[in-house]
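Engineer:
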Amino acid sequence: MNQIEQNLKTMIQSTVKNVFDHELSLDDIVIELPKDKAHGDYATNVAMRLTKVLKKNPKEVAFALLNGFDYTVADVEKAEIAGPGFINFFILKGSLAQLIGKIVEAGDDYGKTNTGNGLKVNVEYVSANPTGDLHPGHARGAAIGDAVTRIMKFAGFDVTREFYVNDAGNQINNMALSLQARYYQACGIDLPLPQDGYYGKDLVEIAATLKSEIGDAKSKEDPQDNIVFFKEYGLVAELQKLKDDLKLFRVEFDVYTSEQSIYDRGLVEKALQQLMDNGMTYVHEDAVWLKTTQFGDDKDRVLVRGNGLYTYLMPDIAYHLNKKDRGFKKLVDFLGADHHGYIMRLKAAIQALGYPAEDLDVDIIQMARMIKDGEEFKMSKRTGKAVALKDLIETAGVDAIRYFFVSRAADTHMDLDLDMATKQSNENPVYYAQYAHARLCSILRQQEKIVPSNHFELINHEKEVELLKQLNEFPSVVADSASTRQPHKLCNYIQRLAQLFHSFYNECYVLDMEKPELSAQRLALVKAVQITLHNALNLIGVEPVERM
RNA sequence: GCGCCCGUGGCGCAACGGAUAGCGCGUUUGAUUCCGAUUCAAAAGGCUACAGGUUCGAUUCCUGUCGGGCGCGCCA
554 MNQIEQNLKT MIQSTVKNVF DHELSLDDIV IELPKDKAHG DYATNVAMRL TKVLKKNPKE
614 VAFALLNGFD YTVADVEKAE IAGPGFINFF ILKGSLAQLI GKIVEAGDDY GKTNTGNGLK
674 VNVEYVSANP TGDLHPGHAR GAAIGDAVTR IMKFAGFDVT REFYVNDAGN QINNMALSLQ
734 ARYYQACGID LPLPQDGYYG KDLVEIAATL KSEIGDAKSK EDPQDNIVFF KEYGLVAELQ
794 KLKDDLKLFR VEFDVYTSEQ SIYDRGLVEK ALQQLMDNGM TYVHEDAVWL KTTQFGDDKD
854 RVLVRGNGLY TYLMPDIAYH LNKKDRGFKK LVDFLGADHH GYIMRLKAAI QALGYPAEDL
914 DVDIIQMARM IKDGEEFKMS KRTGKAVALK DLIETAGVDA IRYFFVSRAA DTHMDLDLDM
974 ATKQSNENPV YYAQYAHARL CSILRQQEKI VPSNHFELIN HEKEVELLKQ LNEFPSVVAD
1034 SASTRQPHKL CNYIQRLAQL FHSFYNECYV LDMEKPELSA QRLALVKAVQ ITLHNALNLI
1094 GVEPVERM
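The opening position of the first sequence corresponds to residue 554 in this note's numbering, with each subsequent residue numbered one higher.
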C-alpha cells in the first residue's frame, strides 16, 4: 500500500462516515488501477459495494460521496462517476513525481515492506531424494521456492529456507546397491543393479570417481560386507552434487535437515509419544495407526508397521514437530504435484499434534511436461531417462530457466519444449527485462555532464506518468506476491515495467544537452526505474545485468 | 470408482468478483541523421471447454457434464 492509495482510502472512509453514518474498515475499501486511462489514475467500487447495506442505487451513493469528498487529505485533482457506479480519481499532476526522490533515496531498500511483521516462517522446498540428479520438476520447485523466500524476506517475514534430506528408507538402500554395482562394474566385475535400482548416469560417474580415489580393492570383497560403505559414500556424494547443482542455479538453503538425524535424536519417539498422549493413535493388526480421518482424511494412516518399522509418514511428522519446536509460527511446504495426496495426512498430523491447521501450508508445484521432437518426453529417475537441471542450465542459462519457471503460476500445468530450449533463450522474456536494465545503466553511465535533479516539476509526459504509476505499485506488488507466495506476479510486474520504460525511451529523449533541466529530471526518473527494476530482478533471482 | 490440479486467440501464459478479457511467441505493416533496434508504433486473431446457479457485475465463487494431468501402499 503506497501513500497515495492510503490517503484515498482514508478520505473515502471518513466521507462514508460523514455522509451515510456508516463505518467502513480500510480493508473494506478497494482501490484499483483502471486499465483505461480515461478512467483516471485510481478507482474505487465502494459505492457499488455499499448498495446492499444502504439500500440505495450505486450511482446515487457515488454522487453523494463525490459531493462529500475533502480533497485536502488526498492528492486528488478531480473525481468522476463512471460506468455502473465506479468513482474514478485523477491525481494532482506533480504529486506522483515526488516518488522519484523517495526511490532514489531508498535505493536497494525500495519496495521493502513490513507485511510479514517479522513472522517466523519455515519454508521447505526441493527436498529431492539424494538418489539422482535434479530434474525439471525440481528446478521449477527450486526457482519458485527460492524466489518466494527472497520476496518474503523483502516483505518483512523472518524466513528460514530448509531442505529435508531423505537419507533413510528403502530408496537409499537401492541407491547404495546401485552404486555398489556400478563400482564393481567399473572394476570389471559384472554385478547387476537391483530391480528397483537407479540407472542414472550420476551413479556411474560417482562410481568412477570412487574408483579413482580408492582403486579396485573394494571390488575384491564380498558385496554383502561393504554395502554400508557404499551407502555412506553415495549419500555424501549425491547430497554434495545436489548442493552443487542448486548453487549453480543460485539456490541455497539455510538449513539441511537429515531424516536419519530425526531418528538418531529420538525425535520420532518423541512425536509418537505426543500423538499417543493426545489420544490420536490406536493399534490395529499389530500396526499403530493415526486417526487422520478426524481431520478430513479419507482413511487413517499407519505410523508403525506390523514389522515394527516406521512408515515414511512418521519421521516426517516428527520433522514437522521439530520445526514447530524450533519456534516457527508458520510452516510452508512446497511439494511436487505427484505428492498432492500427501497433503491431507500431513495437515491432519499437524492438528493431531495439537496445532491449528493454518500453521502448515502446503503449496503444490505442478509438473512441467517435457516436450522433445514434438512429443512428450516421459522421464524416470529410476531408469535414468531424465533431463538433469545441469543440462537445462547449460543449454539455456540460469536466468532464462529461472525466469521461465517463476513467470508462471505454480499450479498451472506447463510444457517445456526441450528442442526449443536454446531458441527459447532468444525468445525468453527475461532478456526483454534484462535489456531494459542494461539500457537504463547505459544511460546512467553517460550522465557525467548532467546531475540528476532533486525536483521533478517537468516530469509530466504521458509516458512518464505511466512509469511513475508503475513504480508506485512496486511495494504493494511485492507485498501481495509475498503473502500469496506467487512470485509470478512479480514477473508480470517486471514485464510491464520494462515495457513502459522501453516505450518511454522511444518517445522521451533523456540526455538532451539543449534542455539541461529536463534532462536532469528525466535522469532522476531513469535512476528510479533502474533501482526498481534492479530490486525486482534480484527478488526473483535473475541477474540485473548492466551490459549485454 | 474416489480425491487434488488444470481447461482463456495458432502456441505458451496473465487478469484483488469489476468497466472494451491482456502479454509474449508466431503472422502482417510501418519506425533509426540522436541516449544500446535484444527496441518502438500499429493490425489481424476470442461465444474464457459446455450447461445451469449465486449478484448490480463471473475468466474468477457454487453445482453438474466433458476433456487432460497426477495421486489413491503397513513404498518413499
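Glycine included, C-beta positions come from ideal geometry on N, C-alpha and C. Just so you know, these numbers come straight off a predicted model, no measurement behind them.
Cβ of Arg-955 within 8 angstroms of Cβ of Val-1095?
Structural biologist: Closer than 8 angstroms, so yes.
Engineer: How big is the Cα-Cα spacing for Glu-585 and Tyr-717?
Structural biologist: Rounded to the nearest angstrom, the two C-alpha atoms are 41 angstroms apart.
Engineer: In whole angstroms, what is the alpha-carbon distance linking Gln-559 and Thr-684?
Structural biologist: Whole-angstrom Cα-Cα distance: 52 angstroms.
Engineer: Quick check on Asn-1007: does DSSP put it in helix, strand or coil?
Structural biologist: Here Asn-1007 sits in coil by DSSP.
Engineer: Using a Cβ distance threshold of 8 angstroms, determine whether the region 1004-1023 contacts the region 631-651, with at least three qualifying pairs required.
Structural biologist: With the cut-off at 8 angstroms, the region 1004-1023 and the region 631-651 touch.
Engineer: Measure the beta-carbon distance from Leu-687 to Asp-807 and round it to whole angstroms, keeping in mind my assumption that it falls under 8 angstroms.
Structural biologist: About 19 angstroms separates the two Cβ atoms, so there is no contact after all.
Engineer: DSSP on Gly-889, reduced to helix/strand/coil?
Structural biologist: If DSSP states are grouped into helix, strand and coil, Gly-889 belongs with the strands.
Engineer: Helix or strand or just coil, what does DSSP make of Lys-883?
Structural biologist: Residue state, collapsed to three classes: strand.
Engineer: Tell me, which residues are paired with Asn-675 by DSSP?
Structural biologist: In DSSP, Asn-675 forms a bridge with Thr-713 and Leu-884.
Engineer: Would you report the Cα separation of Ile-996 and Val-1079, rounded to the nearest angstrom?
Structural biologist: Each residue's Cα considered, the two are about 8 angstroms apart.
Engineer: How many Å lie between Gly-907 and Lys-608 at the Cα?
Structural biologist: Rounded to whole angstroms, Gly-907 to Lys-608 spans 45 angstroms at the Cα level.
Engineer: What would DSSP say about Asn-682, mapped onto helix, strand or coil?
Structural biologist: Reduced to three states, the DSSP call for Asn-682 is coil.
Engineer: With which residues is Ser-811 paired in a DSSP beta bridge?
Structural biologist: Its beta-bridge partners are Val-718.
Engineer: Could you give the distance in angstroms between the alpha-carbon of Phe-783 and the alpha-carbon of Gln-777?
Structural biologist: About 11 angstroms.
Engineer: With DSSP as the reference, please indicate the residues paired to Thr-834 in a beta bridge.
Structural biologist: Thr-834 is bridged to Leu-843.
Engineer: Assuming Val-548 and Leu-645 are in contact, meaning their beta carbons sit under 8 angstroms apart, how far apart are those beta carbons, in whole angstroms?
Structural biologist: Here the chain has residues from 554 to 1101 only, and residue 548 is not among them.
Engineer: Taking Cβ positions, are Leu-1090 and His-990 nearer each other than 8 angstroms?
Structural biologist: It is a contact, given that the beta carbons lie within the stated cut-off.
Engineer: Return the chain-ordered list of same chain residues with a C-beta closer than 7 angstroms to the C-beta of Asp-968, the five sequence neighbours on each side being excluded.
Structural biologist: The answer, listed in chain order, is Arg-922 and Ile-924.
Engineer: Considering Asn-667, what are the terminal residues of the beta strand (DSSP E) in which it resides?
Structural biologist: Run containing Asn-667: none; DSSP gives neither H nor E here.
Engineer: Contact defined as beta carbons within less than 8 angstroms: I believe Met-728 pairs with Tyr-751. What is the distance between those atoms, to the nearest angstrom?
Structural biologist: With 8 angstroms as the limit, Met-728 and Tyr-751 qualify as a contact, their Cβ atoms being about 6 angstroms apart.
Engineer: With the cut-off set at 8 angstroms, would you say Leu-866 and Arg-898 are in Cβ contact?
Structural biologist: Yes, the Cβ-Cβ distance between Leu-866 and Arg-898 is below 8 angstroms.
Engineer: Whose C-alpha, out of Val-1082, Glu-929, His-1014 and Met-833, is nearest the C-alpha of Asn-1025?
Structural biologist: Cα-wise, what sits closest to Asn-1025 is Val-1082.
Engineer: Please give me, in chain order, every unbroken run of the alpha helix (DSSP H) with length at least 4 that falls completely inside the region 946-995.
Structural biologist: For the region 946-995, whole alpha helix (DSSP H) runs of length 4 or above, ordered along the chain, are 951-959 and 974-980.
Engineer: Let's test the definition: count the other Cβ atoms within 10 Å of the Cβ of Asn-1013 and tell me whether it reaches 16, buried, or not, exposed.
Structural biologist: Label assigned to Asn-1013: exposed.
Engineer: Between the C-alpha atoms of Val-855 and Lys-844, what's the straight-line distance to the nearest angstrom?
Structural biologist: Those two C-alpha atoms are separated by around 9 angstroms.
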